Amino acid sequence: MTNPQPLTKPLASYAHSRRVGGLVFIAGQGCRDPISDVWAGVKFDSTGKPVSIDFELQAHGVLKNVKAALLAEGLSLSHVVDVQVFLTDLERHFSTMNKVWNEYFKDAKNLPTRTTVGVKELPGLNLIEMKVIASAQLDTEF
Amino acid sequence: MTNPQPLTKPLASYAHSRRVGGLVFIAGQGCRDPISDVWAGVKFDSTGKPVSIDFELQAHGVLKNVKAALLAEGLSLSHVVDVQVFLTDLERHFSTMNKVWNEYFKDAKNLPTRTTVGVKELPGLNLIEMKVIASAQLDTEF
Amino acid sequence: MTNPQPLTKPLASYAHSRRVGGLVFIAGQGCRDPISDVWAGVKFDSTGKPVSIDFELQAHGVLKNVKAALLAEGLSLSHVVDVQVFLTDLERHFSTMNKVWNEYFKDAKNLPTRTTVGVKELPGLNLIEMKVIASAQLDTEF
C-alpha cells in the first residue's frame, strides 16, 4: 500500500509505524509539518525566533500527522485502539485538547482508550504529542 | 458481561477499555470516585478549596478504579501484564506507591511489568495515574 | 531459556518481562548496573554523594539492561517494535540520546517506533529510562 501523504522526517533511526500481530504501533507524533518541516501554529519574528504558538492548531497538526502515519498502513482513526497524550501545559491546554479530540473521535462503537499526562518537555516546539496503537483487524475484533 | 461497579465518567469521547486480539487496553485511571465524582484522599475547606491530599488513599483509589475497569471486561488484576505509573512527585511518593502496589500485586507467577515516571501534571487533583494493559487469555499464555 | 546475564533487582513486585501472545513487554529500564547496583555514569565523592553524571554512559547502561531483559526471553534488540524514551532533561540530552540510539538500532528493516518525552523525575539517579515492547515472532511478522 502506498501512502499519498508525506510523513515527517524521523529525528533518528526509528520507524513511523510497526505492524506486529494485529497491532500497529505508531511513533510519537508531534505537529511538525512534513512538507515545510515547521511546527504547526508557530509564528516567528523577522529573525526566525518563535514569538507565539497556537495550541489548537498544534493539536490539529498532531492528529493530521497521526492520520498520515495510519494511512501509510492502510488504516484510519477508526482503527485506533489506544492513545497516550502528552501535554507540556496540561492545566492550560487540557480543555482545548479535549475539544479538538472530540472532533476526530466520534464513532461511539470504536473509541480508543486514552491516557493524558503533563510532561516537562517535548522535542522541538511541540506543546502536544500523541502515541498511538491501532488495530489492523478492527472489523472482526479478532 | 455486565459490570456491577460504576466507572468514572470519561472527560472526552474515549473508551474505558478496548479489547483487541488477546489484549485489553485500559484508559489511564486516576482516583476520581465514580459515584461521588471526587478524587480520593482530598480534604476540602468550607469554601470547597482542597486543603490536603492523602497520597496513599489516592493510590488505593486508582487501583480500585483499575479493578472496576478490568471487571467490566470480565478480568481481574491477575490479568494485568503491563502498567505505567505516573506520579506528580516521584521523590516523595515512590516508596508509598510501592507499598500499596505490593498489596495488590502478589501472585508471583503473574506479575506485570511496570514503568514509573515522574510527570509535571496530571488531570484534576490526581497525584497518581496508572495506564494498564491486560491479557484476556491469561491461563493459556497463548 | 536461561539468561546468562544478571538482571537489575526490581524495586517492587513486578516482572522484568511478560510474554503475551506474540508480544513481550519489558519493564521500564534505567541504568542501574545489575551487579554493582549502582547507576551507570555516576561519580561519587568520598562521602558517597553523587557529584557528576555522564549521560552518554547512562544511555549505554539503559540499553545494556534492555538487551539483558530481552535476552532473558531469548530475544535481541532486533525484536524490539516500540520504545518509549523518558529523559529528565530533554533539551540537553536529546541529541546525545539519538547518537547512542543510532549505534544500537541500525537494521533498517526492523526499526522500532519511538516516542520521546521529557519528564520531571525518574527513580533514583536515572537521567534516562526506556520502556520496550518486543515481538517474539519477528521473522514471520505474523
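Chains as they are written, first to last, in the numbering used here: chain P, 658 to 799; chain F, 658 to 799; chain C, 658 to 799.
Built from N, CA and C at the ideal position, the CB exists for glycine as well.
Quantities reported herein were computed from a predicted structural model and do not represent experimental measurements.
Requested in this report: Give me whichever residues DSSP pairs with C:I683 in a beta bridge.
Outcome: On the third sequence, position 26 is the one that residue 683 of chain C refers to. Per DSSP, C:S674 and C:V789.
Query raised in the report: Cβ of P:K788 less than 7 Å from any chain C Cβ?
Result: In the first sequence, residue 788 of chain P corresponds to position 131, counting from 1. Judged by the 7 Å Cβ criterion, P:K788 is in contact with chain C.
Report task. Please report the residue range of the beta strand (DSSP E) in which P:K700 lies. Result -> Indexing the first sequence from 1 puts residue 700 of chain P at position 43. Note, P:K700: beta strand (DSSP E), V699 to F701.
Report task. Under 6 Å Cβ to Cβ from P:T772, same chain only, skipping five residues before and after it: list those, please. Result -> On the first sequence, residue 772 of chain P is found 115 positions in, with the first residue counted as 1. Counting only residues of its own chain and dropping the five nearest sequence neighbours on each side, P:T772 has a CB closer than 6 Å to the CB of Q741.
**Report entry** CB contact check: C:S670 to chain F, cutoff 7 Å
**Finding:** On the third sequence, position 13 is the one that residue 670 of chain C refers to. Taking Cβ atoms only, chain F reaches closer than 7 Å to C:S670, which makes this a yes.
Requested in this report: Hey, could you find the ends of the beta strand (DSSP E) P:V742 is sitting in?
Outcome: On the first sequence, residue 742 of chain P is found 85 positions in, with the first residue counted as 1. Taken as a continuous stretch (DSSP letters only), the beta strand (DSSP E) holding P:V742 covers V737 to L744.
Query raised in the report: Going by Cα to Cα distance, which pick from P:S733, P:H673, P:L664 and P:D739 is closest to C:L768?
Result: Against the third sequence, residue 768 of chain C aligns to sequence position 111. Residue P:H673 is the option with its Cα nearest to C:L768.
Query raised in the report: Quick one: what's got a C-beta closer than 6 Å to C:V708's C-beta in the same chain, skipping five residues either side?
Result: Taking the third sequence and counting its residues from 1, the one referred to as residue 708 of chain C is at position 51. Hits under 6 Å: K700 and D702.
Query raised in the report: Looking at the structure shown, is P:S733 part of a helix, part of a strand, or coil, going by DSSP?
Result: Looking up residue 733 of chain P in the first sequence gives position 76. Three-state result, P:S733: coil.
Query - F:R675 versus F:A726: straight-line alpha-carbon distance, rounded - result: Taking the second sequence and counting its residues from 1, the one referred to as residue 675 of chain F is at position 18. Taking the second sequence and counting its residues from 1, the one referred to as residue 726 of chain F is at position 69. Their backbone Cα atoms lie some 10 Å apart in a straight line.
Report task. Under 8 Å Cβ to Cβ from F:T745, same chain only, skipping five residues before and after it: list those, please. Result -> Here the question's residue 745 of chain F lines up with position 88 in the second sequence. These residues qualify, in order along the chain: G775, V776, K777, E778, L779, N783, L784 and I785.
Requested in this report: Identify which residue in F:A716, F:L680, F:K721 and F:L734 has its Cα closest to the Cα of F:L664.
Outcome: Translated into the one-based positions of the second sequence, residue 664 of chain F becomes position 7. The option with the nearest alpha carbon to F:L664 is F:K721.
Report task. For C:V719, I'd like the list of residues in its chain whose CB is within less than 6 Å of its CB, leaving aside the five on either flank, ordered along the chain. Result -> Position 62 of the third sequence, counting from 1, holds the residue named residue 719 of chain C. Correct list, in chain order: Q686, C688, I785 and M787.
Query - C:T659 - DSSP class collapsed to helix/strand/coil - result: The residue you call residue 659 of chain C lines up with position 2 of the third sequence. Low per-residue confidence applies at C:T659: pLDDT is 46, beneath 50, and the placement is therefore not dependable, though the value from the model is reported in the following sentence. In this structure, C:T659 counts as coil in the three-state DSSP scheme.
Query - P:L624 versus C:V789: straight-line alpha-carbon distance, rounded - result: Since the first and last residues shown for chain P are 658 and 799, residue 624 of chain P lies out of range.
Report task. At 8 Å on the CB atoms, spell out the chain P contacts of C:G678, in chain order. Result -> On the third sequence, position 21 is the one that residue 678 of chain C refers to. The contacting residues are G678.
Query raised in the report: So which residues on chain F does C:F810 lean against when the C-beta distance must stay under 7 Å?
Result: Nothing can be reported for residue 810 of chain C: it is not among the residues displayed for chain C, which extend from 658 to 799.
Query raised in the report: In three-state DSSP terms, what is F:G718?
Result: By 1-based counting over the second sequence, the position of residue 718 of chain F is 61. If DSSP states are grouped into helix, strand and coil, F:G718 belongs with the helices.
Query raised in the report: Per DSSP, which one or two residues make a beta bridge with C:E778?
Result: In the third sequence, counting from the first residue as 1, residue 778 of chain C sits at position 121. Looking at the DSSP assignment, C:E778 forms a beta bridge with F:G775.
Query raised in the report: Which one or two residues does DSSP pair with P:T819 in a beta bridge?
Result: The requested residue 819 of chain P does not occur in the structure, where chain P is confined to residues 658 to 799.
Query - C:I683 burial status per 10 Å Cβ neighbour count (16 or more: buried) - result: Mapped onto the third sequence, residue 683 of chain C falls at position 26. It counts as buried.
Query raised in the report: Looking at the unbroken beta strand (DSSP E) that takes in C:V708, where does it start and where does it end?
Result: As a position in the third sequence, residue 708 of chain C is number 51, starting the count at 1. Note, C:V708: beta strand (DSSP E), P707 to I710.
Report task. Kindly say whether F:K706, judged by its beta-carbon, lies nearer than 7 Å to any beta-carbon of chain P. Result -> Here residue 706 of chain F corresponds to residue number 49 of the second sequence, with the count starting at 1. False, the Cβ-Cβ gap to chain P never drops below 7 Å.
Query - CB of P:L732 within 7 Å of CB of P:Y761, strictly - result: For this step, residue 732 of chain P is matched to residue 75 along the first sequence. For this step, residue 761 of chain P is matched to residue 104 along the first sequence. For P:L732 and P:Y761, no; Cβs fall outside 7 Å.
**Report entry** Length of the line joining the Cα atoms of C:F712 and C:G781
**Finding:** Residue 712 of chain C sits at position 55 when you count from the first residue of the third sequence. Residue 781 of chain C sits at position 124 when you count from the first residue of the third sequence. If you take the alpha carbons of C:F712 and C:G781, they lie about 14 Å apart.
**Report entry** Top-ranked residue by Cα proximity to C:V738, from C:V757, C:S693 and C:K766
**Finding:** The count along the third sequence starts at 1 and reaches residue 738 of chain C at position 81. Shortest Cα-Cα distance from C:V738 to any of C:V757, C:S693 and C:K766 involves C:K766.
Report task. Taking only beta-carbon positions, decide if P:F712 is within less than 7 Å of chain F. Result -> In the first sequence, counting from the first residue as 1, residue 712 of chain P sits at position 55. Output row for P:F712: interface = no.
**Report entry** Members of the region 752-768 of chain C near chain P, C-beta cut-off 7 Å
**Finding:** So the close ones are N755, W758, N759, F762, K763 and L768.
Query - C:R689 - partner residues in DSSP beta bridges - result: As a first step, residue 689 of chain C must be located in the third sequence, where it is residue number 32. DSSP lists C:W696 as partners of C:R689.
Report task. Give me the Cα-Cα distance between P:I710 and P:G698, rounded to the nearest whole angstrom. Result -> Locating residue 710 of chain P in the first sequence gives position 53, where the first residue counts as 1. Locating residue 698 of chain P in the first sequence gives position 41, where the first residue counts as 1. Those two C-alpha atoms are separated by around 5 Å.
Query - Nearest-angstrom beta carbon gap, F:S792 and C:V757 [assumed within contact, 8 Å] - result: As a position in the third sequence, residue 757 of chain C is number 100, starting the count at 1. As a position in the second sequence, residue 792 of chain F is number 135, starting the count at 1. Contact flag wrong, Cβ pair sits at about 33 Å.
Query raised in the report: Is the Cβ of F:L720 closer than 7 Å to any Cβ of chain C?
Result: Here residue 720 of chain F is taken as the residue at index 63 of the second sequence, counted from 1. No, no contact with chain C.
Query - Proximal chain F residues relative to C:L779, where beta-carbon distance stays under 9 Å - result: As a first step, residue 779 of chain C must be located in the third sequence, where it is residue number 122. Simply L747, T773, V774 and G775.
**Report entry** Interface partners of F:F743 on chain P, CB under 7 Å
**Finding:** For the purposes of this step, residue 743 of chain F is taken as residue 86 along the second sequence, with counting starting at 1. Here the neighbours are V774.
Report task. Starting from the beta carbon of C:S674, find every residue of chain F whose beta carbon is closer than 7 Å, and list them in chain order. Result -> Stepping through the third sequence from its first residue, residue 674 of chain C is reached at position 17. What C:S674 touches in chain F: T770.
Report task. Under the assumption that F:T753 contacts C:Y671 (Cβ atoms under 8 Å), give the Cβ distance between them as a whole number of angstroms. Result -> In the second sequence, counting from the first residue as 1, residue 753 of chain F sits at position 96. In the third sequence, counting from the first residue as 1, residue 671 of chain C sits at position 14. Actually they do not touch by this definition, with Cβ atoms about 16 Å apart.
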